[in-house]
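*Asks:*
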Amino acid sequence: MTDQPAIIRPATAADAPAIQAIYAPFVTDTVISFEEVPPTVDEMAARIKTAQEQGFEFLVADQAASVLGYAYAGAHRTRPAYRASVDVSAYVAPSAHRSGIGRRLNKRLLATLAEKGFHAVFAGITQPNAASVGLHEALGFTHVGTYREVGFKHGAWHDVGWWQRLL
């Protein structure tokens, strides 16, 4: 990393290769994501476009033309009464872990969602994941429940805790 500070900006299709490269190891090597096959670069570009076209947000942390992480929001549920609620997620490149990028991305994402009129924000966190729990709680999220053994990946059942923050 350089001394130049990262900027947080909306993602574009041109960021899809870097975003895919950050995300793929979380899919293949961990249970942090319950996807089992990493999305392609084209699928990532489509996810960026869809999130933005649907009025949500998809942000990247860009430092010297290098994407260090990303954060995005999407629908919490599909029924109309949930329209002011969103699920959020963020991923940071290993080279930028513990650098504050995740916190900056999430803070900007939450501020943008509040400006857009969203009300409730939810984060599902595969357990255990103390770093993600600590970050979300530092950002004002509170634990609202746990889905026990809801995902089966890498030969085992995994719990997902849910955290919520009202904007």
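Numbering follows our numbering, with no gaps: position 19 of the sequence shown is -1. Ideal Cβ placement from N, Cα and C applies to all residues, glycine included. None of the values given here were measured: they were computed from a predicted structure.
Use the C-beta contact count for SER75: other C-beta atoms within 10 angstroms, 16 or more gives buried, fewer gives exposed.
*Replies:* By the 10 Å Cβ count, SER75 comes out exposed.
*Asks:* Give the range of the alpha helix (DSSP H) segment to which VAL113 is assigned.
*Replies:* 110 to 118 is the extent of the alpha helix (DSSP H) around VAL113.
*Asks:* Counting only runs that start and end within the region -14 to 14, where is the alpha helix (DSSP H) found for 4 or more residues in a row?
*Replies:* Counting whole runs of 4 or more residues, the region -14 to 14 contains the alpha helix (DSSP H) stretches -4 to 9.
*Asks:* Which of the three DSSP states, helix, strand or coil, is assigned to ALA45?
*Replies:* It is coil, neither helix nor strand.
*Asks:* DSSP three-state call for ARG128: helix, strand or coil?
*Replies:* Three-state DSSP puts ARG128 in a strand.
*Asks:* Closer than 8 angstroms is the cut-off here; do at least three beta carbon pairs connect the region 8 to 26 with the region 34 to 47?
*Replies:* Not touching, per the Cβ criterion.
*Asks:* Tell me whether the region 74 to 93 and the region 111 to 129 touch, counting them as touching only if at least three CB pairs, one residue from each stretch, are closer than 8 angstroms.
*Replies:* With a cut-off of 8 angstroms, the region 111 to 129 and the region 74 to 93 count as touching, because enough Cβ pairs lie within range.
*Asks:* For the beta strand (DSSP E) that contains GLY35, what are its first and last residues?
*Replies:* That residue, GLY35, is in no beta strand (DSSP E); it is neither H nor E in DSSP.
*Asks:* Measure the beta-carbon distance from SER65 to HIS56 and round it to whole angstroms, keeping in mind my assumption that it falls under 8 angstroms.
*Replies:* Indeed they touch by this definition, with Cβ atoms about 4 angstroms apart.
*Asks:* Using the DSSP secondary-structure output, state which residues sit across from ARG145 in a beta bridge.
*Replies:* Bridge partners of ARG145: VAL101.
*Asks:* From what residue to what residue does the alpha helix (DSSP H) around ALA91 run?
*Replies:* Looking at the DSSP string, the run of the alpha helix (DSSP H) that includes ALA91 is 81 to 95.
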